[in-house]
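One structure is given here, and the rest of the page talks about it.
What follows is the structure, given as structure tokens:
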């Protein structure tokens, strides 16, 4: 990434209050992926451009094309039981024939980059373009994103020569999507009067009829410009634009609406108000354009100052829930931008962020802009709970347990011949499967996705939610696995055929790269174990102990061991290849760390583990990372590491206490995968780095995905504080001399932690709880004594040992500090040595 301008100079700068300073572009964003994003969880906007033209692209979470060839989405040509039966009979070649047919179908459909029509994808809603300095050079141009206020600011200084011949002045644009109303505001001000051109339109799309454009004369309110798009086979929408200005005009044609607006000087400030509404918002009683007009007109009549105040108040309250300061400012920036983007992309009553969050401005978005469940959607939600914003995961939980539940049951029944429910690898807005075999054969995905449903209980403690939604959902997931696993004569429940996400055969298997199928993948075993443990724990919380709970316990005691070879974790117990079954070991660059998932997010291996298990995790992490760098080019297949993979790896490194490695992952992500406006790319932006060499060529180019950005925020959270087993670990992923602090990071069980560390170690720790809790804290001062005081009257009694343990009650802040003996108290010889 290039340096971020004067406000945020690049490099390993110290954290200097990124939240307050915002982020300023180092140069104008010439395409939307380099711009700044705005949003309220329902409506999204992207601001990009130059002094000549500033563009605001609009998207909405529920506007999409829903057309599909079958009513309930993609199905494979064979059911899973048919495939499993043939595998158990020893057949192998048919698996790869099926893969090749799928690849041919993918090429026909243009999956990933869509060569054909725009089906099952979110759709862009249009754009508002402002020709601020048309044909007039600018002395300077600045664009900044103010995280604290949830708004974008553009400052343009025109030259004082040429046709203007007026003193130097600053033209200012303030842009925001109101936090609580579906209106995009653009406020324009200037000391000198200016007249600018503007345009409202939508990109030409060969697969979509052009929207209609019209101008309504509103009584007492001037013109109202309307873009209406019914969206054939999908969810229609409308945009309605009004302006509060001394002078403005508009004219419509089949290709858009354009006009002029005067502001500044004696004309005063001007405000555009763009209302956005979908057919779902409007309901059956009226059209989307009527609702969009109502939103826009109400906003135009309201006091912009009061609207700004209420919008800023929402964001100030948002940021009050947690904060982070880190000695490497670039990493603090990623955490702040990640949480801002998540807060802009979702609300409990809208949708979870898809691959591009809420910002769908391409007519053919990469990978459908769908909901990908083999890492991407999970990675988008890792930050929510830890950053003390569990409400930002609520939309995902609602979709899974309510909106998509019937489709997930149907998918389990029709594709797997199983009861319960199954989560496909990727789905559209209605929860319908998009992709077929072999990716859809990733059996881990249902259990992995269920983890987020369980986390909602761990982070909120909402007992009603646990009883009514979470536990029944977990039970149905277990029912699915009970039907698809096969118990052998030793009593072990095996996954006979599955796919470890994005793992491929390679030269050491004497085969061209193909998605490889295998038995008992590491990710499957770890995910299923986590699911069944969570289900048993949930039952215990609800005082349920029936036969189904007993079955879950029985399964937990008879799952396969995690596959290893030569002292490292491998992808699967056996790879099912036509010529022979071989150990599922793949010594090449594999961007998906699926074999490392017992470390994170499933937490079987970590700092709470015994020395041998922790050493296994660390060796496996080192082995995984070694193949992607200089000198190991023979181990590349078709990808190096992606942006989202680096964020994932940083989370794993944090759980293993590998601080330098965690920072190395984030540094590589920021330098080579981060766009000018702080969005992140799946592909590397720099030749020779990461997966820039994609598909064996030097194609390069940005492919915007939100997962890497949000995953980076989660990684920094894990580096600062995480819970492994029953123990809380602080600054485990932070290098020893690094300064860092955080306020109110949330851990499972409703535990809020604040702490600070510097070059000489941890300074202080503060803990508070929402429910009566037993706290186990890894001693922040290893080898030293510490004090834990719940109130000022508590005695500063020294505690020692590897962990500090105490009972915590809500309403009390527990202060932990290094123990300092009272004056005059003599230290023991051992204490003197420790102090030295």
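In the working numbering, the protein residues as written are 1192 to 2027.
Ideal Cβ positions, reconstructed from N, Cα and C, are used throughout, including at glycine.
Burial state of residue i (16 or more Cβ within 10 Å)
i	result
residue 1207	Only weak support is given to the placement of residue 1207: the predicted model assigns it a pLDDT of 49, under 50, and the question is left unresolved by the model.
residue 1508	exposed
residue 1504	exposed
residue 2029	Nothing about residue 2029 can be reported from this structure: the residues present for the chain run from 1192 to 2027 only.
residue 1311	buried
residue 1950	exposed
residue 1962	exposed
residue 1160	Any property of residue 1160 remains undetermined from this structure, which presents the chain solely from 1192 to 2027.
residue 1500	exposed
residue 1211	exposed
residue 1982	exposed
residue 1816	buried
residue 1527	buried
residue 1285	exposed
residue 1887	Its pLDDT being 45, under 50, residue 1887 is placed unreliably in this model, and the coordinates cannot settle the point.
residue 1559	buried
residue 1381	buried
Range of the contiguous alpha helix (DSSP H) that encloses residue i
i	result
residue 1836	1834–1846
residue 1492	1479–1492
residue 1496	1495–1510
residue 1639	1635–1651
residue 1602	1596–1607
residue 1812	1802–1817
residue 1515	Not the alpha helix (DSSP H): residue 1515 falls in the beta strand (DSSP E), residues 1514–1517.
residue 1669	1662–1675
residue 1561	Run containing residue 1561: none; DSSP gives neither H nor E here.
residue 1243	Note, residue 1243: premise wrong, no alpha helix (DSSP H); not H, not E.
residue 1966	From DSSP, residue 1966 is part of no alpha helix (DSSP H) but of the beta strand (DSSP E) over 1964–1969.
Sequence-distant residues of the same chain with beta carbon closer than 7 Å to residue i, five excluded per side
i	result
residue 1532	1228, 1548, 1897, 1900, 1901
residue 1575	1533, 1581, 1583, 1584
residue 1216	1196, 1334, 1867, 1868
residue 1954	1947, 1948
residue 2008	1955, 1977, 1978
residue 1863	1875, 1876, 1877, 1880, 1881
residue 1550	1228, 1235, 1237, 1250
Cβ shell of residue i (< 6 Å), same chain only, five flanking positions each side left out
i	result
residue 1374	1464, 1466, 1486, 1490
residue 1219	1241, 1332
residue 1197	With a pLDDT of 29 at residue 1197, under the threshold of 50, the predicted position of this residue should be treated as unreliable, though the coordinate-derived value follows. Taken in chain order, the list of residues that qualify is empty.
residue 1423	none
residue 1943	1935, 1937, 1959
residue 1996	1967
residue 1672	1719
residue 1441	1406, 1414, 1416, 1448, 1450
residue 1799	1915, 1916, 1918
Segment limits, beta strand (DSSP E) that includes residue i
i	result
residue 1534	Segment 1520–1536 is the alpha helix (DSSP H) holding residue 1534; no beta strand (DSSP E) there.
residue 1571	Where residue 1571 is concerned, there is no enclosing beta strand (DSSP E), although the alpha helix (DSSP H) it sits in stretches over 1567–1577.
residue 1994	1994–1999
residue 1978	1977–1980
residue 1943	1942–1949
residue 1406	1403–1409
Residues sharing a beta bridge with residue i, DSSP
i	result
residue 1468	1429
residue 1133	Given a span of 1192 to 2027 for the chain in the structure shown, any question on residue 1133 remains unanswerable.
residue 1349	1329
residue 1139	Since the displayed the chain opens at 1192 and closes at 2027, residue 1139 lies outside it and no answer follows.
residue 1452	1387, 1439
residue 1236	1229, 1249
residue 1392	1318
residue 1335	1215, 1344
residue 1710	1765
residue 1913	1920
Cβ-based neighbour list, residue i, same chain, cut-off 8 Å, excluding 5 preceding and 5 following
i	result
residue 1998	1963, 1964, 1965, 1966
beta-carbon residue i near the ligand FAD non-hydrogen atom, thresh 8 Å
i	result
residue 1652	The ligand FAD is not part of the structure shown, which contains no ligands of any sort.
(request) Could you tell me whether the stretch 1424–1438 touches the stretch 1463–1481, using the rule of 3 or more Cβ pairs below 8 Å? (result) yes
(message) So, does the stretch 1738–1747 touch the stretch 1647–1660, judging by three or more C-beta pairs under 8 Å?
(response) no
(request) Report yes or no: do the stretch 1713–1724 and the stretch 1630–1641 share at least 3 C-beta pairs separated by less than 8 Å? (result) yes
(message) Below 8 Å, how does it come out for the stretch 1801–1813 and the stretch 1863–1879: are there three or more Cβ pairs, yes or no?
(response) no
(request) Give a yes or no on contact between the stretch 1341–1348 and the stretch 1444–1453, applying the rule of three or more CB pairs nearer than 8 Å. (result) no
(message) Count Cβ pairs between the stretch 1808–1815 and the stretch 1840–1860 that sit closer than 8 Å; are there 3 or more?
(response) yes
(message) Under 8 Å: do the stretch 1873–1882 and the stretch 1902–1918 share three or more Cβ pairs, one atom per stretch?
(response) no
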